[in-house]
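**Student:** Note that the sequence shown covers residues 9 to 479 in this note's numbering. Even for Gly, the Cβ is constructed at its ideal location relative to N, Cα and C. Next up is a structure, given as structure tokens.
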Amino acid sequence: MLLSVTVVLSLLSCICGENPAVQVVLTNKGLQYGKHAAADWIQERLSTITFPDITGSVHIIFGDVDYTLTGITIVKCDLPEPSVEFLQNPPGFKTTISDLSIAITGGWRTHFGLINDGGTFDMAIFNVDVTSVVQLGKEADGHLSVSSISCDAQVGDVDIEFHGGASFIFQPFVEHFKGRIRDEIQKRLCPGVEENIESFENLLHVMNVSVDVNEVLSLALPLTDIPIIGASSMNVGLKGEFYNIKAPVEPPFEAQPFTMPDKPSYMLSVGMSDFTLNSASYAYFSAKLLQLLINDSMIPAISPVHLNTTSLGKFIPKLAEMYPDMLMSVLVYAQEAPKFSIQPDAVNVTIKAVAKASVILPNGTQIPVFTINVDSKFSSELWIDDGKLKGSVKMDNLTLTLASSEVGTFKTDSLEFLARKGGEIVLIKVNQKLGEGFLVLGTKHAQLVNSVLKKEKGFILISSDVQVSLT
9 MLLSVTVVLS
19 LLSCICGENP
29 AVQVVLTNKG
39 LQYGKHAAAD
49 WIQERLSTIT
59 FPDITGSVHI
69 IFGDVDYTLT
79 GITIVKCDLP
89 EPSVEFLQNP
99 PGFKTTISDL
109 SIAITGGWRT
119 HFGLINDGGT
129 FDMAIFNVDV
139 TSVVQLGKEA
149 DGHLSVSSIS
159 CDAQVGDVDI
169 EFHGGASFIF
179 QPFVEHFKGR
189 IRDEIQKRLC
199 PGVEENIESF
209 ENLLHVMNVS
219 VDVNEVLSLA
229 LPLTDIPIIG
239 ASSMNVGLKG
249 EFYNIKAPVE
259 PPFEAQPFTM
269 PDKPSYMLSV
279 GMSDFTLNSA
289 SYAYFSAKLL
299 QLLINDSMIP
309 AISPVHLNTT
319 SLGKFIPKLA
329 EMYPDMLMSV
339 LVYAQEAPKF
349 SIQPDAVNVT
359 IKAVAKASVI
369 LPNGTQIPVF
379 TINVDSKFSS
389 ELWIDDGKLK
399 GSVKMDNLTL
409 TLASSEVGTF
419 KTDSLEFLAR
429 KGGEIVLIKV
439 NQKLGEGFLV
449 LGTKHAQLVN
459 SVLKKEKGFI
469 LISSDVQVSL
479 T
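Take a look at the structure:
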């Protein structure tokens, strides 16, 4: 029973009133696939399930006989397709299994006065109906909560055949006490369902609501509100914000609301706003990690220009006059966090940087000689092909502006041309890597298939089917 709900929740995972930067939508198609996956898993697992002993007493002609049914194991199960549906009030799921029939086997023991006896038995349980309603919520720390709010179980009939020992004595009296065994089984069904739901709730409670992406960034994914459930879909809003692990700070901007389009032909849709990308950018920027010190050893030997005063003196004459034949270094750093903007035609990135050039004296002292502002804009395409996320990046603009100089005023046109050519060479390598692609996200038990990516204003949308393997 719980498995239908568990699989549905696993599809949301491939997981305060604020706007979510990430939204996950489970459609009715995904819900129904979840129930099929759950039914298949249950069928595979039935042979390994054992039940607690059933004990009791029954009055026959000779008096009261104490009995124990032990080692109860399922040998066959006729599991009809369960029914699973979204519930809007309360938000959750309703799962129903009807006309379930189970064949089980085990051992029996009886105690009657000084007489102890035992053997084996075969039992058939017919027309089992179980209906469970599970409510979804949100804990204060952003964890998803799952609770059972109602359960109803009915067992239609039970048939028992005893074997071995003095079973021939007890078999005629089966009709007298099988109702008690049926009631005993029936009253254990809902507590078993509720116990498993509680176990799943405990598992959710200890799951992390943030994920360390690397040694610098952590991605926070707590729920922003309780799941929103409609007639044919469920929307889960997640914070979707990157933080610097060592020094987490909130960015000076907020996630903007966005509306997920209906995609009923897919099981699952995931929307990620540009806030998520910009929060990662701000986390790197605030940690002062968006900077690079470049020296001549990092310039390819075949490059026509090198980081020394002789080479750059061709473009800045006074540099070579004041500091003849000396090595140089350039510190490049972001003036502000790079800004991402997701548009239907591209993902745009605007970068405002500063390049500070210094001359390295023979004694190792570095003397600042000029500072240049570097304004650049890039656009990228993203798509999914053969199960991989692929992309390409192009440079739309690169402008160099002289901010200050200790070696006289000079034009930046030639340096700008060289910077463009260098950037284009770097992008060739970047696009080769992006063209190879990266596997679309999945989990140990769920993989996205038939995925498509679409860019909307302010967010990226991935719609996909899901392949679940509950082994």
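For T78, report the span of its beta strand (DSSP E) as first-last.
**Tutor:** It spans G71 to D86 - the beta strand (DSSP E) in which T78 sits, taken as one unbroken run.
**Student:** Please classify M336 as buried or exposed, where buried requires at least 16 other C-beta atoms within 10 Å of its C-beta.
**Tutor:** buried
**Student:** Would you mind sorting N303 into buried or exposed? The rule is 16 or more other CB atoms within 10 Å of its CB.
**Tutor:** exposed
**Student:** In whole angstroms, give me the CA-to-CA distance for I470 and V448.
**Tutor:** Spanning the two alpha carbons is a distance of roughly 10 Å.
**Student:** Helix, strand or coil: which one does DSSP assign to Q40?
**Tutor:** helix
**Student:** At 3 residues or longer, what runs of the beta strand (DSSP E) sit wholly inside the stretch 145-225?
**Tutor:** 152-171 and 218-220
**Student:** Thinking A345 and Y290 are a contact (beta carbons under 8 Å), I'd like their distance in whole angstroms, please.
**Tutor:** 4 Å
**Student:** Does the distance from the C-beta atom of V83 to that of I62 stay below 8 Å?
**Tutor:** no
**Student:** Between which two residues does the alpha helix (DSSP H) holding N243 run?
**Tutor:** From DSSP, N243 is part of no alpha helix (DSSP H) but of the beta strand (DSSP E) over S241 to L246.
**Student:** Could you tell me if L11 is buried or exposed, where buried requires 16 or more neighbouring beta carbons within 10 angstroms of its beta carbon?
**Tutor:** Residue placement at L11 cannot be trusted, given a pLDDT of 45 that sits under 50; what the coordinates show is reported in the next sentence. L11 is buried by the Cβ-count criterion.
**Student:** Check the C-beta distance from A2 over to L225 and give it rounded, since I have them as a contact under 8 Å.
**Tutor:** Residue 2 cannot be examined here, being either before or after the span of the chain that is shown, 9 to 479.
**Student:** Just grab the DSSP bridge partners of I105 for me.
**Tutor:** V138
**Student:** So what does DSSP say about F425, is it helix, strand or coil?
**Tutor:** Note: F425 maps to helix in three-state DSSP.
**Student:** Quick one: what does DSSP say T373 is sitting in, helix, strand or coil?
**Tutor:** T373: coil per DSSP, three-state reduction.
**Student:** With a threshold of 16 other CB atoms inside 10 Å of the CB of V434, please say whether the residue is buried or exposed.
**Tutor:** Counting Cβ neighbours within 10 Å, V434 comes out exposed, since fewer than 16 surround it.
**Student:** Tell me which same chain residues have a C-beta within less than 7 Å of the C-beta of L20, skipping the five on either side of it?
**Tutor:** With a pLDDT of only 44 at L20, under 50, the local geometry of the prediction cannot be trusted, and the value read off the model is given with reservation. For L20, where only same-chain residues beyond five positions count, the Cβ hits under 7 Å are V32, L34 and V244.
**Student:** Cβ atoms of P99 and P230: under 8 Å apart, would you say?
**Tutor:** Not a contact, by the Cβ cut-off of 8 Å.
**Student:** Does the contact criterion of 3 or more C-beta pairs under 8 Å hold for the stretch 418-428 versus the stretch 390-410?
**Tutor:** yes
**Student:** Identify the residues that DSSP records as bridge partners of D473: which are they?
**Tutor:** V457
**Student:** How far does the alpha helix (DSSP H) with E93 in it reach, from first residue to last?
**Tutor:** From DSSP, E93 is part of no alpha helix (DSSP H) but of the beta strand (DSSP E) over S91 to L95.
**Student:** I'd like to know whether the C-beta atoms of L276 and S477 end up nearer to each other than 8 Å.
**Tutor:** no
**Student:** Check for me: the alpha helix (DSSP H) holding Y341 runs from which residue to which?
**Tutor:** Element bounds for Y341: not the alpha helix (DSSP H) but the beta strand (DSSP E), M336 to A342.
**Student:** Look up A47 in the DSSP assignment and say whether it is helix, strand or coil.
**Tutor:** helix
**Student:** If you run the structure through DSSP and keep just helix, strand and coil, what is I436?
**Tutor:** In the displayed model, I436 falls within a helix according to three-state DSSP.
**Student:** Note down the Cα distance separating S18 from E89, rounded to an integer number of angstroms.
**Tutor:** Any answer about S18 is weak, because its pLDDT of 45 lies below 50 and its placement is not dependable; what the coordinates show is given next. Answer to the nearest angstrom: the Cα atoms are 20 Å apart.
**Student:** Where does K441 sit, in a helix, a strand or coil, going by DSSP?
**Tutor:** helix
**Student:** Beta strand (DSSP E) containing K347: first to last residue?
**Tutor:** K347 to Q351
**Student:** Taking the continuous alpha helix (DSSP H) assigned at Y251, which residues delimit it?
**Tutor:** Taken as a continuous stretch (DSSP letters only), Y251 belongs to no alpha helix (DSSP H), being part of the beta strand (DSSP E) at E249 to N252.
**Student:** Just to confirm, are D160 and F134 a CB contact at a threshold of 8 Å?
**Tutor:** No, these two residues do not count as a Cβ contact at 8 Å.
**Student:** For a quick check, are the C-beta atoms of S483 and A228 less than 8 Å apart?
**Tutor:** Because residue 483 is not part of the residues shown, which for the chain are 9 to 479, the question remains open.
**Student:** Excluding the 5 residues preceding and the 5 following V438 in the sequence, name in chain order all residues of the same chain whose CB lies nearer than 8 Å to its CB.
**Tutor:** V401
**Student:** I need the straight-line Cα distance from Y292 to V92, nearest angstrom please.
**Tutor:** 44 Å
**Student:** By Cβ distance below 6 Å, which residues in the same chain neighbour V76 in space, the five residues on each side in sequence not counted?
**Tutor:** Note that residue 76 is Thr in the sequence shown here, rather than Val. Excluding sequence neighbours, T76 sits near D61, T63 and R117.
**Student:** Would you kindly work out how many angstroms separate the C-alpha atoms of E206 and F94, rounded to a whole number?
**Tutor:** 20 Å
**Student:** On the DSSP bridge assignment, give the partners of T358 in chain order.
**Tutor:** K347 and K385
**Student:** Go through its chain and collect everything with a Cβ distance to T139's Cβ below 6 Å, but skip five positions before and after it.
**Tutor:** So the qualifying residues of the chain are T104 and D160.
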